[in-house]
Amino acid sequence: MTNKCGITTGTTAAGAAKAAAISLTGNLCPDTVSVTLPNGEDRNVLIERSANGLATAVKDAGDDPDVTHGLRITASIQFACRAVGASCSSNSLDNVIVKGGKGIGIVTKAGLQVPVGSHAINPVPTQMIKQAVRQILPHGGLIVEISVPEGERIAKKTFNERLGIIGGISIIGTTGIVTPMSLEAIKATIRCEIDVAAANQDIKILYLSPGKIGESALREKIGCLTVVQMSNYIGHALSYVKEKGIEEIVIGGHPGKLAKLTMGYWDTHSGNSPQAVNYVTEFIGIKNKKFNTVEEIIESLYNGGAERNFTDLAKEIAETIINKFGFKHVNVYLFDMKKRTIGESVCTRYI
688 MTNKCGITTG
698 TTAAGAAKAA
708 AISLTGNLCP
718 DTVSVTLPNG
728 EDRNVLIERS
738 ANGLATAVKD
748 AGDDPDVTHG
758 LRITASIQFA
768 CRAVGASCSS
778 NSLDNVIVKG
788 GKGIGIVTKA
798 GLQVPVGSHA
808 INPVPTQMIK
818 QAVRQILPHG
828 GLIVEISVPE
838 GERIAKKTFN
848 ERLGIIGGIS
858 IIGTTGIVTP
868 MSLEAIKATI
878 RCEIDVAAAN
888 QDIKILYLSP
898 GKIGESALRE
908 KIGCLTVVQM
918 SNYIGHALSY
928 VKEKGIEEIV
938 IGGHPGKLAK
948 LTMGYWDTHS
958 GNSPQAVNYV
968 TEFIGIKNKK
978 FNTVEEIIES
988 LYNGGAERNF
998 TDLAKEIAET
1008 IINKFGFKHV
1018 NVYLFDMKKR
1028 TIGESVCTRY
1038 I
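Residue numbers (my numbering): 688 to 1038.
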């Protein structure tokens, strides 16, 4: 069975804007409107209500488990010369101005597709909104405001705050459609987080972690404000970091995850890599004992009896990363589940 694709917040906003434009002409808006995607295809957007230049569309995420599924996105539209305080310059007579309203987040960090201080409506959705309203109102200056009544609440369930987008959701999307369980969508979020971190670090050292424990432990250990979560896609994240010209990185995490890198697995998802427990047992040099988890190995080391320790493993992980990607400087911190530091590779510069 083929999974059903959904539409992005950008496509939904464009649908709402088109419906608002139809209602501004005095015509009755249908239950769905057609929106042209960047690839030229058309997709229908469900319209919940429309009247007097105001319309609400419903986001359909398809079979993707998206927290924005069913979200109501509203667009209001008016002629620029009728807007309060608007000037009727030649520009305002021709332009379509797209603004953010309630429930649309404000960008507070550099590195995103819109400037700091602006509402988080990305360039592709902005163009889709303009194109949608021009299909109905081809002439005259127009002001379109996009709002999301539940935006601030829903945003707390997204990555927005990590990216420096405060107070609401983002109107995003480059293709206009959402692919169910899209791996590329996850990787795109990681790249976006790297962009923001790189743009806002005074010193060009990037701090990264596979998950929340490593992130929290790194913050406490080093005091760094921004830590990029790589999830299981460590190889993809590090490749992108290197691509951006960053040469110094600090990685913190649990050895059960990071040891997989020395085993040759750069996607550490359990479905794509084996457990690290046997490798770590052998590396540390504990004889005649079987463990179920790496955390058990950590606890056993507090009692001694190992040939090597987790600092040795941290060094091995750092060297593995350098050999694969060519970073000039890599420091690895290993933490247990209680966020205690159990090993670190020491800040040694590799040439």
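Every residue, glycine too, gets a C-beta built ideally from N, C-alpha and C.
The way I'd put it, the region 910-926 does touch the region 869-876; three or more beta-carbon pairs between them come closer than 8 angstroms. For S896, the pairing in a beta bridge is given by DSSP as Q916. Excluding its 5 nearest sequence neighbours in each direction, I973 has C-beta neighbours in its own chain below 6 angstroms: A993, listed in chain order. The bridge partners DSSP lists for R759 are V745. A contact is defined here as three or more CB-CB pairs under 8 angstroms, and the region 719-737 fails this definition with respect to the region 781-789. In terms of Cβ geometry, G792 and N847 form a close pair [threshold 8 angstroms].
When DSSP states are grouped into helix, strand and coil, S1032 belongs to the coil group.
Assignment of I793 by DSSP, reduced to helix, strand and coil, places it in the strand class.
G787: not part of any alpha helix (DSSP H); member of the beta strand (DSSP E) spanning 783-787, first to last residue. Taking C-beta atoms under 8 angstroms as the contact rule, G898 and G940 qualify, at a distance of about 7 angstroms. Distance check between T743 and each of G851, G702, L829, D999 places G702 closest, using alpha-carbon atoms only. Between the C-alpha atoms of S721 and T696 there is a straight-line separation of about 15 angstroms. DSSP, reduced to helix, strand and coil, places N1018 within a strand of the structure shown.
Looking at the DSSP output, F766 shares a beta bridge with L829. In the same chain as L824, and ignoring 5 residues on each side of it, the C-beta atoms closer than 6 angstroms to its own belong to A708, in chain order. With distances taken between CA atoms, E735 lies nearest to A700 out of T1028, A700, D751.
Going by C-alpha positions, K1026 is about 57 angstroms away from F766. Closest option to T955, judged by alpha-carbon separation, among Y927, I933, S918, D999: S918.
When DSSP states are grouped into helix, strand and coil, L733 belongs to the strand group. Under the three-state reduction of DSSP, A963 is assigned to coil, being neither helix nor strand. Cβ neighbours of R849 within its own chain (closer than 7 angstroms, five residues either side excluded): E880. DSSP lists T761 as the bridge partner or partners of S834. Looking at the DSSP output, I856 sits in a beta bridge with I791. For S721, the beta-bridge partners assigned by DSSP are N731.
Taking a cut-off of 8 angstroms for Cβ pairs, the region 746-762 and the region 892-909 do not touch, as fewer than three such pairs fall below it.
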